[in-house]
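S.K.: In our numbering, the protein residues as written are 569 to 830. Note that CB positions come from ideal geometry on N, CA and C, so glycine has one too. These numbers were taken from a predicted model, which means no experiment stands behind them.
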């Protein structure tokens, strides 16, 4: 008879946003969970204790598991490092979900919106609480840069429900989970490797900045991987007075600065 995964009901509670119940159950069953899934159990104890502001209790729970047998180096490192991280965090004033969630609004300042987005990114367990606000914000009339960041978070967390919004002057139904983030990441990574291998470090550094500005400007559309590195290097050389802008460089510049006169 197949043994039930003890983490399954805990993960179900997390999915529903019932973090305290999940944390309580995980602590009650932590030894069995650790025996079967040591690294996942440690990660959940860390994430839940941070999300609930119980860093001291989380550190104690993790230390208690160090007496149990484990087999790999990564688990040993987590048992050693996570309590230190939690103890360090307990001495600082932390953002809270209740405090940052209302900041995700078109009426908030860009700084406050970024605080809310950063919290969601660094506290993945809080995503269910953020989801509807992220969707509303992405479809609002707020700054496009911030709306794109909200859309990227929805994409990161696999939101499959279509969203009616306008980006880059194009209106449509966007299914965040199907956006070309993976293909774009590969194209950016490949271009960055080419740029970093360039002999002139000054030109390479400026080209890397151009690359990231271009990828941000294009999102949520896929970037064109062909000639991407050379276009960024070409534009970098032109800005530094060491060359002319070719076709690829001009296309990248137009994407970054659409209102710049020719």
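Between which two residues does the beta strand (DSSP E) holding residue 690 run?
M.R.: Along the chain shown, one-based indexing puts residue 690 at 122. Residue 690 -> not in any beta strand (DSSP E); alpha helix (DSSP H) instead, spanning 678 to 690.
S.K.: If the criterion is Cβ atoms closer than 8 Å, does the pair residue 759 and residue 766 meet it?
M.R.: For the purposes of this step, residue 759 is taken as the residue at position 191 of the chain shown. For the purposes of this step, residue 766 is taken as the residue at position 198 of the chain shown. No, they are not a contact pair.
S.K.: Out of 598, 806, 814, state which residue places its alpha-carbon closest to the alpha-carbon of residue 795.
M.R.: The sequence position of residue 795 within the chain shown is 227, counting from 1. For the residues 598, 806, 814, the minimum Cα distance to residue 795 belongs to 814.
S.K.: From this set, 632, 716, 711, which residue's C-alpha is nearest residue 597's C-alpha?
M.R.: Along the chain shown, one-based indexing puts residue 597 at 29. If we check each option's Cα against that of residue 597, 632 comes out closest.
S.K.: Pick helix, strand or coil for residue 738, following the three-state DSSP scheme.
M.R.: Along the chain shown, one-based indexing puts residue 738 at 170. The answer is strand: DSSP assigns residue 738 an E or B state.
S.K.: Out of 604, 574, 800, which has the shortest C-alpha to C-alpha gap to residue 638?
M.R.: Along the chain shown, read from residue 1 onward, the residue named residue 638 stands at position 70. Answer by Cα proximity: 604.
S.K.: Rounded to whole angstroms, how far is the Cβ of residue 716 from the Cβ of residue 787, which I believe are closer than 8 Å?
M.R.: Looking up residue 716 in the chain shown gives position 148. Looking up residue 787 in the chain shown gives position 219. Indeed they touch by this definition, with Cβ atoms about 5 Å apart.
S.K.: Rank 680, 695, 727, 741 by C-alpha distance to the C-alpha of residue 711 and give the top, closest one.
M.R.: Residue numbering aside, residue 711 sits at position 143 when the chain shown is read from its first letter. Minimum Cα distance to residue 711 is reached at 680.
S.K.: Could you name the residues that DSSP lists as bridge partners for residue 731?
M.R.: For the purposes of this step, residue 731 is identified with residue 163 of the chain shown, where counting begins at 1. 742, per the DSSP bridge assignment.
S.K.: Would you tell me roughly how many angstroms separate the C-alpha atoms of residue 654 and residue 724, rounded to the nearest one?
M.R.: Stepping through the chain shown from its first residue, residue 654 is reached at position 86. Stepping through the chain shown from its first residue, residue 724 is reached at position 156. Going by the C-alpha atoms only, they are around 25 Å apart.
S.K.: State buried or exposed for residue 698, treating a residue as buried only when at least 16 other CB atoms are found within 10 Å of its CB.
M.R.: Stepping through the chain shown from its first residue, residue 698 is reached at position 130. The residue in question, residue 698, is buried, as its Cβ has 16 or more Cβ neighbours within 10 Å.
S.K.: Which whole-angstrom value describes the C-beta separation of residue 817 and residue 785, a residue pair presumed to lie in contact below a C-beta threshold of 8 Å?
M.R.: If you number the chain shown from 1, residue 817 lands on position 249. If you number the chain shown from 1, residue 785 lands on position 217. With 8 Å as the limit, residue 817 and residue 785 do not qualify as a contact, their Cβ atoms being about 14 Å apart.
S.K.: Have a look at residue 761 and residue 701 and give me their C-alpha separation to the nearest angstrom.
M.R.: Mapped onto the chain shown, residue 761 falls at position 193. Mapped onto the chain shown, residue 701 falls at position 133. Between residue 761 and residue 701, the C-alpha separation is close to 36 Å.
S.K.: With 16 as the cutoff for other CB atoms within 10 Å, does residue 738 come out buried or exposed?
M.R.: As a working mapping, residue 738 is identified with position 170 in the chain shown. That one is exposed.
S.K.: Is DSSP giving residue 573 helix, strand or coil here?
M.R.: Against the chain shown, residue 573 aligns to sequence position 5. If DSSP states are grouped into helix, strand and coil, residue 573 belongs with coil.
S.K.: Can you give the Cα-Cα distance for residue 734 and residue 674, rounded to whole angstroms?
M.R.: Taking the chain shown and counting its residues from 1, one reaches residue 734 at position 166. Taking the chain shown and counting its residues from 1, one reaches residue 674 at position 106. Their backbone Cα atoms lie some 15 Å apart in a straight line.
S.K.: Taking its Cβ as the centre, do 16 or more other Cβ atoms sit within 10 Å of residue 636, making it buried, or is it exposed?
M.R.: Sequence index remark: in the chain shown, residue 636 carries index 68 (1-based). Residue 636 should be labelled exposed.
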